[in-house]
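A short worksheet on the structure shown next.
Right, here's the structure in full:
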């Protein structure tokens, strides 16, 4: 069996998604026949990861284009509005819907519009796959043989249409024959690191160590490099990523370890001046109060559950994109683009 299981595939008249809430214990695919079912799956984190969400919502629009016989333009505009409410932070989702909206506005004939929407979704998937390959190739140069890498959350085949962003760097380094040790933060409260990233890395045959989020300072002195992904990047390179990433960045700076973010340019929101303008998703308190369905705190306790951190660009060593590596000085001044 191939180690790479696709998290999303388009099989008209439906999409097929790998239900990530069931991993690592069960591999279950769900068929999605409508955009409303897709919205529910996104909100419940059955499908997740900023690059993958962008492609998913594009195919969600395409699904409705196939099904709708009359009033196509009006229907697709409504679908885009509703899909845009599914999750607020991942910019790839909005970027994809903006592209779909441009198609709707520019193609007057309904039958041509239907075809154009489907082709645009397919094009986005291909583009994101290619971006992952290029991000991986650029980033792999940063990893020495026998590198010890620390990461958080999940940034691999389960979060993108391709090999991944931060994990894609690791996979490309392995492909080049480099031996690696990867340390994975469990990523509370939903354990994407423990449930998803270790599952991927094990299937890829990479030596992996799972640590609790509170252990990152303990292991940091032994780490060569920290690799993370991003859900939205502002113009000044402040970025949003899974809660716990800011702690990781501060810890890396204290121990003078390189801290890199890997993300496609479709994650960069040029409308935002800095990270203060990024909307942070607040999720349900039950995610913190329970673990694997069991209560772990007293009833009635108050809970904070922001899903993302904002990491200032001053803590970033560099940004790995499909166009190359952007290296930053401490104050965020562009140093090298290659």
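Residue numbers (full-length UniProt numbering): 1 to 338. The C-beta atom is built at its ideal place from N, Cα and C for all residues, glycine as well. Everything numeric in this text was worked out from a predicted model, so none of it was measured.
The DSSP-derived three-state label of residue 94 is helix. In the same chain as residue 165, and ignoring 5 residues on each side of it, the C-beta atoms closer than 6 Å to its own belong to 135, 155, 229, 262, 263, in chain order. Contact between the stretch 241-256 and the stretch 165-176 is absent: fewer than three C-beta pairs spanning the two stretches fall below 8 Å. In the three-state DSSP reduction, residue 186 falls in the coil class, being neither helix nor strand.
According to the DSSP assignment, residue 286 belongs to the alpha helix (DSSP H) that extends over 286-289. In this structure residue 226 touches residue 258 by the C-beta definition: roughly 7 Å separates them, less than 8 Å. In this structure, the CA atom of residue 43 is about 14 Å from the CA atom of residue 60.
Annotation: residue 138 is outside any beta strand (DSSP E); the continuous alpha helix (DSSP H) that includes it extends over 110-140.
In this chain, the beta strand (DSSP E) harbouring residue 18 covers 14-18.
Residue 20 is positioned such that its CB atom lies closer than 7 Å to that of residue 158.
According to the DSSP assignment, residue 78 belongs to the alpha helix (DSSP H) that extends over 72-83.
If you draw a straight line from the Cα of residue 209 to the Cα of residue 271, it comes to about 38 Å.
In this chain, the alpha helix (DSSP H) harbouring residue 38 covers 35-43.
The shortest CA-to-CA distance from residue 87 to any of 45, 277, 100, 64 is the one to 45. Per DSSP, the beta bridge partners of residue 207 are 181. The C-beta separation of residue 52 from residue 96 comes to about 11 Å, leaving the pair out of contact by the 8 Å criterion. Contact between residue 212 and residue 50 fails: their C-beta atoms lie close to 25 Å from each other, not under 8 Å. Annotation: residue 196 to residue 108 spans about 43 Å, alpha carbon to alpha carbon. In this structure, residue 278 lies away from residue 249, with their beta-carbon atoms at least 7 Å apart.
In the DSSP annotation of this structure, the continuous segment of the beta strand (DSSP E) that includes residue 260 starts and ends at 259-262.
From the listed residues 48, 32, 85, the smallest Cα separation to residue 63 is found for 32. For residue 225, the uninterrupted beta strand (DSSP E) run begins and ends at 225-228, by DSSP. Contact between residue 120 and residue 58 holds, since their C-beta atoms are separated by about 7 Å, short of 8 Å.
By the neighbour-count criterion, in which a residue is buried when 16 or more other Cβ atoms sit within 10 angstroms of its Cβ, residue 28 is exposed. The residues 264, 322, in chain order, have a CB closer than 6 Å to that of residue 131 in the same chain once the five nearest residues on each side in sequence are set aside.
Close CB contacts of residue 101 within its chain, under the 8 Å cut and outside five residues either way in sequence, are with 77, 80 (chain order). Residue 148: member of the beta strand (DSSP E) spanning 147-151, first to last residue. For the set 309, 168, 201, the Cα lying nearest the Cα of residue 184 is the one of 201.
Its chain contains 162, 163 as the residues whose beta carbon lies nearer than 7 Å to that of residue 133, once the 5 sequence neighbours on both sides are disregarded; these appear in chain order.
Look at residue 232 here: in three-state DSSP terms it is strand. In the three-state scheme derived from DSSP, where H, G and I count as helix and E and B as strand, residue 311 is classed as strand. In the structure shown, residue 10 adopts extended strand secondary structure according to DSSP, grouped into three states.
Of the other Cβ atoms in all chains shown, 16 or more fall within 10 Å of the Cβ of residue 199; this residue is therefore buried.
By the neighbour-count criterion, in which a residue is buried when 16 or more other Cβ atoms sit within 10 angstroms of its Cβ, residue 90 is buried. Distance from the CA of residue 252 to the CA of residue 205, rounded to the nearest whole angstrom, comes to 26 Å.
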